[in-house]
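Enquirer: First the structure, then my questions, so here it is.
In this note's numbering, the protein residues as written are 21 to 989.
Right, dumping it as structure tokens:
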């Protein structure tokens, strides 16, 4: 089946084999027209609705739209090569680009071909064919504001083509044949000086010079009367030449602008062959750059700032795909710029020096038809001439790889009708503030875009033949950086069997696997070009950020790392953000791409002396250590303090005013602190390694970070041989034992705890012995050996009383009460736990108070006093929430559900158990989560549950003993 064309240049229609296809009512045809005008481009649903209905929206707009789409799809089903497809965020009408399926696209293609011709006859033939596609007024049969605006814009495109064809024919001496056509056009456009010039030339070529001179007089009088101005220089010059009977006018181009170049400049490099994604950025550029101040096709009713030209800056790191995005948009919008495109690689971040603006202006002026011998030497004069020759033209100017705003400013065109697209690794803030440029930040691809890039490059069949994990690994290892992904795809395309080898190579060698002798195909080389434009201060700061611990940083940490005053550090970070080498995320976080970090870290080891690196890392380690130490003292003021040396010179720990701020800071930085500890270990800062583990314990236990707690104490245990105080080794074994036990690794836990007890005895340290007996009591309780647990708690209690530590004695007493309850001696248990509660309240120890209240709640529940149990649990819950103790909160919620169930309140039981279940899952406590899930499943048998609980069924867990039972000191 052969499609004649999808017609927009006249009545909106589709013809197949000469027969019209029924397209439905006017709104449905309008929908098709909107999609066809934007053929092969996604039109967002919101814009479709606005352009089809305007303000008169139907009641169910989206369902109506979907209905229209369905009916149009059925209508187009018989049309080969044309389809309406759903894409992310909207719809697109696709049409085979190798066939003339849409008359508007064919019209634009023919006009572009004509403008590229050097042969006037061939150009005239192409323009004649293009204009022959018009069958009347565009979009006939379609109504509404969008249709009116689009129709006017298309009429302008048609008029531009008519002007160009007329100029070609006049240049060939065909004036006599044009007189009738131009008589009508001059009447329709009485103030258009270009039309007037063409009409004068045609009349003169037809031997009607007197009529030509008379028409000039009429035009001049009308311009003076209606606009208060004389004709422009070009029309006046044509009048003078007619008066002088210039023989060159017999076959000369006439017009009203500057002398037109023989060839419209078409300087865009080829469009990227495998471009994928970036729909948001493309739509953003469409919105900003396709609406000039005097463009009646503007869809945005908001006023444009009083800026001379539409400018957009694409900024981002090297290799992120700015040029590909710019070229893709430029090629998709060539038809909007009938006067051509100018392109320059400004070489801002390339080998050698950046291009000088004067040299670029020389190339642009030559492309616009100005002989190089007539170019001014002075930069300002040359820029002024360039603005003169671009004023009034519809040009696209793409300035790629700019180094700074000073390089770009002289290249901005004159007038209000050109569009400028600038790419740079810098954000070019001066263009934004002085010239109203619109910024578009280009970041790495999304996961789906990265995968689409690889699939497009490799081919679906190849991807299916390879393990899916390989693609996921590649995307992760490349950090979704387009250049890295493209380099990998290029290597694999010729030999798909290399896929797994490339993954292995990239995993082992990192950035080195993306190196190449070809600078443009070497990611390390491309990244190195970004560093060449930095100041020395910025270069040093970036190198230090590359070796800093943690996934990102903030201003306080960076101030200590870099060693500058806070204000200077902020300025340096802002400069690196503007250079697209780091990103500034919400919350004041600064980060860099993993591959950029790899390159910067490698560079740091070559460019920064070892003492500089050592001093910077000591400063930042002390920043984190002292700030975390302050946080721990605020969270757990009853914990036995450990002496900390003053911070290194230049380190500025962050002040924390209260426990809430302390908990917030630790929540934000707990991802960084293990990395800080590893850095300290690598740098031989043994005391910092141990103290970071000690400092983080309270936070880890309250937030349920059990694996992190084990990891930091394993690292700390490795350095205790380098520390003179034997208590550090005792504490390391005790905390390792507690961490192993918390993860259910009981044998490892007991081994370390007994080793700690042995060392405490060897060094005759009763304080450490007491702490370790307390931890052993907690560990044996986890194994449900409550008699042995009670024995260790008794030892701890005796030692604490001998040492005159009533607060710690209360903790041990609560443990003994808890284990007495587990053994069924509820009266003794209640007495001990109540006594512990009184002491904790006397010492204002909220953590100890919460543990004792939980014990009492458990005892009340086991003895049938469910109302009192609820009161105790709820009080404990309030305290643990106020402490930020999410691990203890989960345990208390778990316990609270049992008396609720026993009281016949399943709704309340379900609510607290569901909250506990969520917290257990967040904390990775799978066994506890499974138990609570079973409790929720059993809630249906409410009567049975009440009977079991009222007779003393024990809720699971050892939480009533509290983390205080683990021996945190």
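We put the beta carbon where it would ideally sit given N, CA and C, even for glycine.
None of the values given here were measured: they were computed from a predicted structure.
Between the region 556–572 and the region 424–438, do at least 3 Cβ pairs fall closer than 8 Å?
Expert: The region 556–572 is not in contact with the region 424–438.
Enquirer: Taking its Cβ as the centre, do 16 or more other Cβ atoms sit within 10 Å of residue 375, making it buried, or is it exposed?
Expert: buried
Enquirer: Identify, in the order they occur along the chain, each residue of the same chain with its Cβ nearer than 6 Å to the Cβ of residue 647, setting aside the five sequence neighbours on each side.
Expert: Excluding positions up to five away in sequence, the list reads 673 and 674.
Enquirer: Nearest CA to the CA of residue 337: which residue from 429, 712 and 504?
Expert: 504
Enquirer: Enumerate in chain order the residues of its own chain whose CB-to-CB distance from residue 1001 is below 7 Å, with the five nearest sequence positions on each side excluded.
Expert: Past the edges of the chain, shown from 21 to 989, lies residue 1001, and the structure says nothing about it.
Enquirer: Measuring straight from C-alpha to C-alpha, what distance separates residue 320 and residue 37?
Expert: Any reading at residue 320 must be qualified, since the residue scores a pLDDT of 38, below 50, and its modelled position is unreliable; the value itself is stated next. Taking the straight line joining both Cα atoms gives about 39 Å.
Enquirer: Of all the options 415, 826, 825 and 873, which has the alpha carbon lying nearest to the alpha carbon of residue 838?
Expert: 873
Enquirer: Please report how far the alpha carbon of residue 272 lies from the alpha carbon of residue 121, in whole angstroms.
Expert: Reliability of the predicted coordinates at residue 272 is poor, the pLDDT of 46 falling under 50, and no value is obtained from them.
Enquirer: Taking the alpha-carbon positions, what's the residue 909 to residue 106 distance?
Expert: Taking the straight line from one Cα to the other gives about 47 Å.
Enquirer: Consult DSSP for residue 353 and reduce its assignment to one of helix, strand or coil.
Expert: coil
Enquirer: If contacts are defined as beta-carbon pairs under 8 Å, then residue 49 and residue 32 qualify, I think. What distance do you get, rounded to the angstrom?
Expert: Indeed they touch by this definition, with Cβ atoms about 5 Å apart.
Enquirer: So, helix, strand or coil for residue 426, using DSSP?
Expert: helix
Enquirer: With distances taken from CA atoms, which of 931, 243 and 234 is nearest residue 209?
Expert: 243
Enquirer: What's the gap between the Cα of residue 962 and the Cα of residue 922?
Expert: Only weak support exists for where residue 962 lies, its pLDDT of 47 falling under 50; the coordinates are left without a value.
Enquirer: Span of the alpha helix (DSSP H) holding residue 839?
Expert: Residues 826–842.
Enquirer: Could you name the residues of the same chain whose beta carbon sits closer than 7 Å to that of residue 409, not counting the 5 residues immediately before and after it, in chain order?
Expert: Excluding sequence positions up to five before and after residue 409, its CB lies within less than 7 Å of the CB of 278, 385, 388 and 390, all in the same chain and listed in chain order.
Enquirer: Mind pulling the beta strand (DSSP E) runs of 3 or more residues that sit fully within the region 563–646?
Expert: Within the region 563–646, the complete beta strand (DSSP E) runs of at least 3 residues are 603–605 and 609–611.
Enquirer: Judging by CA-CA distance, which residue of 462, 543, 459 and 457 is the nearest neighbour of residue 498?
Expert: 543
Enquirer: Would you be able to state if there are at least three C-beta pairs under 8 Å between the region 93–113 and the region 57–64?
Expert: yes
Enquirer: State the beta-bridge partners of residue 26 as determined by DSSP.
Expert: 34 and 122
Enquirer: Less than 8 Å separating the beta-carbons of residue 600 and residue 445?
Expert: yes
Enquirer: Do residue 407 and residue 378 have their C-beta atoms closer together than 8 Å?
Expert: no
Enquirer: In the DSSP output, what is residue 895 paired with across the bridge?
Expert: Residue 895 pairs with nothing; no bridge assigned.
Enquirer: Quick check on residue 59: does DSSP put it in helix, strand or coil?
Expert: It is coil, neither helix nor strand.
Enquirer: If you draw a straight line from the C-alpha of residue 27 to the C-alpha of residue 83, how long is it?
Expert: Using only the alpha carbons, I get a separation of about 27 Å.
Enquirer: Going by DSSP, name the residue or residues bridged to residue 361.
Expert: 286 and 416
Enquirer: Just verifying my parser: in three-state terms, what is the DSSP assignment at residue 110?
Expert: strand
Enquirer: Please state the DSSP three-state secondary structure of residue 523.
Expert: In this structure, DSSP gives residue 523 a helical state, which the three-state scheme calls helix.
Enquirer: Hey, out of 357, 228, 159 and 620, whose CA is closest to residue 263's CA?
Expert: 228
Enquirer: Three-state secondary structure (DSSP) at residue 410?
Expert: helix
Enquirer: How should residue 933 be labelled, buried or exposed, when 16 other C-beta atoms within 10 angstroms of its C-beta is the threshold for buried?
Expert: Of the other Cβ atoms in all chains shown, 16 or more fall within 10 Å of the Cβ of residue 933; this residue is therefore buried.
Enquirer: Are the beta-carbon atoms belonging to residue 124 and residue 57 less than 8 Å from one another?
Expert: The Cβ atoms of residue 124 and residue 57 sit closer than 8 Å to each other.
Enquirer: Please name the residue in 895, 102 and 881 whose C-alpha comes closest to that of residue 868.
Expert: Nearest C-alpha to residue 868: 895.
Enquirer: Have a look at the DSSP bridge pairing and note the partners of residue 39.
Expert: 36
Enquirer: I'd like to know whether the C-beta atoms of residue 708 and residue 761 end up nearer to each other than 8 Å.
Expert: no
Enquirer: On the CB-based measure, 16 or more other CB atoms within 10 Å of its CB, does residue 426 come out buried or exposed?
Expert: exposed
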